[in-house]
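First to last, the sequence lines map onto chains R and Y.
Following the working numbering, the numbering of the first sequence begins with 1 at its first residue and continues without gaps.
Following the working numbering, the numbering of the second sequence begins with 1 at its first residue and continues without gaps.
Protein chains: 2
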Amino acid sequence: MELEQMGKLAKEASRSLVKLSQPVKNACLLAVARNLVENTDAILTANRKDLENGKANNMPASLLDRLRLTEERIEGIAEGVRQVAALEDPIGEVLSMKERPNGLLIGKKKVPLGVIGIIYESRPNVTVDAFSLCFKTSNAVILRGGSDAIYSNIAFVDIIKQSLEENHVTPDAVFLLTDTSRETATKLMQLNDYIDVLIPRGGAGLIRSVVQNATVPVIETGTGNCHVFIDQTADVDMAVAIVKNAKLQRLGVCNACESLVIHKEIADQVIPKLLTMLKENGCEVRGDSVVKSFDDSVVTATEDDYATEYLDKIISAKVVENLDEAIAHINRNSTGHSETIVTKDYDNAQRFLNEVDSAAVYVNASTRFTDGFEFGFGAEIGISTQKLHARGPMGLEALTTTKYIIYGNGQVRP
Amino acid sequence: MELEQMGKLAKEASRSLVKLSQPVKNACLLAVARNLVENTDAILTANRKDLENGKANNMPASLLDRLRLTEERIEGIAEGVRQVAALEDPIGEVLSMKERPNGLLIGKKKVPLGVIGIIYESRPNVTVDAFSLCFKTSNAVILRGGSDAIYSNIAFVDIIKQSLEENHVTPDAVFLLTDTSRETATKLMQLNDYIDVLIPRGGAGLIRSVVQNATVPVIETGTGNCHVFIDQTADVDMAVAIVKNAKLQRLGVCNACESLVIHKEIADQVIPKLLTMLKENGCEVRGDSVVKSFDDSVVTATEDDYATEYLDKIISAKVVENLDEAIAHINRNSTGHSETIVTKDYDNAQRFLNEVDSAAVYVNASTRFTDGFEFGFGAEIGISTQKLHARGPMGLEALTTTKYIIYGNGQVRP
């Protein structure tokens, strides 16, 4: 099917999704979960084709693992859909309704965005996750996954469409672009007549390409060069524990710490303990001359190091004169994701929260909590590192917009 | 100054604006208002240069009038700044703060967007209006007005910068692009390192150019092809009064009605009265065959007519079979701005509010109320017709974003 036609049908579907009741939407989601489990064999067969292609193309083992589905993983995906069904539906809530002096009642109502485009890479579970969140919020969705996972994605979308039809809901609520060419992806990014919002999910290269090429509004989900700042008054053991958790608990995630900033007055106390802990865990440290003076194995950091998201057992470290220098360093180098201060000082805690310009700013906690589930949203479509519409972890709310509804009794403007 | 350097300084300024107290911000705004009035002569001298250039370039009288400043208009602009100073400051409000099971306190705080770019056309008052709204919300702003108003804009920005310096606030909070070339405008739209949001204000051509060329996130403020739907059960006199107000009270505005939709069962009663009223007011009607059957002077409407924002004494009109056809016609042709239903039927009113996909949907009132002041926001930076971040009239709130602030006491992720 032509992309233009797909857009048109998705837009028409979105007009009917807004009329669906909550029980019908949830019945569809539960049918998807049930049919995923029932069709496990068919999904695994499709997934095997993707895995064989991946091996033939010398795909690295870590990527093959992300691509691989198992019975257990399919059950996990289905359970995710059931959890979305169980969440409160934000659509239809009127946030406020006030009477104006002329008698008009003006309220702000939560409504779907319309048609959402999702561009993502090789994890096939995103296909089901993204559909379930978009559908729960009455949005139609056009999915463009990576070519690596095409057979798995086709199997998933067939099951979703069948589940919708079983519930007499239009299968045009979801489309998968099977043409995974770059040209078609660019066309999708410029389909302004039919797509309301585009959400890219993936690595820095994918995000950059979407930001550069899209004319459709984009919610940028981003990379995380997250900082831990150890203030002069920090509890040293707490600081070491937070750095250990933020850097090492999971390496390849956007809320992992990539860079340390240390107040010079606490350097002597904290740096030796930090270096010991990092060494024990096989983590390379790239630091300035002060950090290096504690241990020759520290690599000299370049300016680029301070701006790098390693996603690996590497961390950069810098010693600063004071809080001002720490905040300036963080605002210059961070990607606006998550930063934390470890401190006992009240004023410094408040200043850090106020002046660090990131989606999530912490006092005395690991940056690893920046996550829709940890924040209590029950779901997550991504983490926004830009400032329009949604910032930080995005749950169902981020997939809604508002409209003003106005009740009058004949008012005209004087 | 190079645009890149301007962006850098504006970003630095935005870091200090977030630290300003409300009394300091308001003192700056009141100083701007005072200095505008005190420097009336200098502003009028600069404005005369723009007017002379406009005349030399054969600018139409209506545009010359938009460009013209007078003592009274300058006082009006100053009064607008005073009103912004008097508004409640949204920055710093924590929208919710909840304790998670692990003891983390997570709150959502309203913060400035950062650096806002505003691209607009020949009205010089936008220079002061846009600055005052951005500054009130602790944002730095880079203004790119039209070349027609360049001398007036320079005079305004000089006065603003001087007022900031009088209050020991960085004058880099506002920049004016004096290079009004198309190339520089395009560079501004792609200054992703320094600009957080771009808001174009102007005609359809300007908006389209920004949407096509920008890589910076854009809030589209839009055109309005607004509809009045007269349902079967409408009060005929109310319907005629609403159409008169929505079409004719002011012609050149985006919330004016441009298209009528009439239920066939009320056509006989309402169309003759509508045509009489519109004729008396010199308004051309472009209708379908049913509308035309009531009066030969009705021009036959094309499909293009139904999609046109006339901003003039012209209105399109169509008779429909039922509410479904009305809603489909409106969703197909509207620009997503404002639409109203005139009806006595409860279910139809609710369906119209729910299913019409526009920023503001009304029952029994004129579309002319879609306006920040009429909605009670006390100010307006524009009316958004897109769905991300802000939809409908945008007051101070639209110039803010949020950040998550998290208070912990050593939490790490298990």
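The beta-carbon is built from N, C-alpha and C at its ideal position, and this holds for glycine as well.
Asked, Found
"Range of the contiguous beta strand (DSSP E) that encloses L206/Y", "Run containing L206/Y: none in the beta strand (DSSP E); it sits in the alpha helix (DSSP H), A204 to N213."
"Under 7 angstroms by beta carbon: chain R residues contacting S366/Y", "Q411, V412 and R413"
"Exposed unless 16 or more other CB atoms sit within 10 angstroms - verdict on K98/R", "exposed"
"Residues of the stretch 239-266 of chain R whose Cβ lies closer than 7 angstroms to any Cβ of chain Y, in chain order", "A241, I242, N245 and Q249"
"CB contact below 7 angstroms: Y407/R versus chain Y", "yes"
"Expected contact under 8 angstroms - CB spacing of S384/Y and I219/Y to nearest Å", "6 angstroms"
"Beta-carbon neighbours of R391/R, restricted to chain Y and to distances below 7 angstroms", "T401, T402 and K403"
"Exposure of K318/R, with buried meaning 16 or more beta-carbon neighbours within 10 Å", "buried"
"Within chain R, partners of P200/Y - CB distance below 9 angstroms", "Under the 9 angstroms cutoff, chain R gives no residues; its nearest Cβ is about 13 angstroms from P200/Y."
"Supposed close pair V18/Y, E355/R - CB separation, criterion 8 angstroms", "6 angstroms"
"Reference L416/Y, options L164/Y, G392/Y and V342/Y, closest by Cα", "The question about residue 416/Y has no answer, for chain Y in this structure spans 1 to 414."
"Contact with chain A by V24/Y, beta-carbon distance below 7 angstroms", "Included in the structure are the protein chains R and Y, with no chain A among them."
"C-alpha distance - L399/Y paired with Q162/R, whole-angstrom precision", "43 angstroms"
"Residue range of the beta strand (DSSP E) that includes R201/Y", "V197 to R201"
"Within 7 angstroms, strictly: CB atoms of V401/R and K387/Y", "First, the residue type needs correcting, since residue 401/R is Thr and not Val in the sequence shown. Yes, they are a contact pair."
"Cut-off 6 angstroms between Cβ atoms - residues of its own chain near I381/R, not counting five sequence neighbours on either side", "L133 and M394"
"Contact residues within the stretch 362-386 of chain Y, judged by C-beta distance below 8 angstroms to chain R", "Y362, V363, N364, A365, S366, R368, F369, T370, E374, F375, G376 and Q386"
"Pair within 7 angstroms by beta-carbon distance, V412/Y and A10/R", "no"
"Candidates K136/R, E75/R, A349/R and I77/R, of which the one nearest G92/R by Cα", "K136/R"
"is_contact[V299/R, chain Y] using C-beta, thresh 7 angstroms", "no"
"C-beta contact flag for V211/R and C28/R at 7 angstroms", "no"
"L248/R to L278/R span [Cα, whole Å]", "9 angstroms"
"Three-pair Cβ contact test at 8 angstroms for the stretch 305-321 of chain Y versus the stretch 346-362 of chain Y", "no"
"Which of helix, strand or coil DSSP assigns to Y310/R", "coil"
"Within the stretch 71-107 of chain Y, ranges of the alpha helix (DSSP H) (whole runs, at least 4 residues)", "71-86"
"Under 9 angstroms from the C-beta of K19/R: neighbouring residues of chain Y", "R351, N354 and E355"
"Test item: CB-CB of G392/R and Y306/Y under 7 angstroms", "no"
"Beta-carbon neighbours of K110/R, restricted to chain Y and to distances below 9 angstroms", "Under the 9 angstroms cutoff, chain Y gives no residues; its nearest Cβ is about 11 angstroms from K110/R."
"Runs of alpha helix (DSSP H) wholly within the stretch 20-77 of chain R (minimum 4 residues, chain order)", "22-38, 40-56 and 61-67"
"T335/R beta carbon near the ligand ADP (any heavy atom closer than 6 angstroms)", "Ligands are entirely absent from the displayed structure, and the ligand ADP is therefore not among its contents."
"Neighbour list for V211/R in chain Y, Cβ cutoff strictly below 8 angstroms", "N192 and T215"
"Three-pair Cβ contact test at 8 angstroms for the stretch 223-230 of chain R versus the stretch 254-262 of chain R", "yes"
"Neighbour flag for I159/Y against chain R, beta carbons, 7 angstroms", "no"
"Same chain, Cβ closer than 8 angstroms to G54/Y, five either side skipped, listed in chain order", "L63, L64, L67 and D148"
"Chain-ordered chain Y contacts of V197/R [CB-CB under 8 angstroms]", "K387 and L388"
"Same chain only: Cβ atoms within 6 angstroms of V299/Y, ignoring 5 sequence neighbours per side", "R286"
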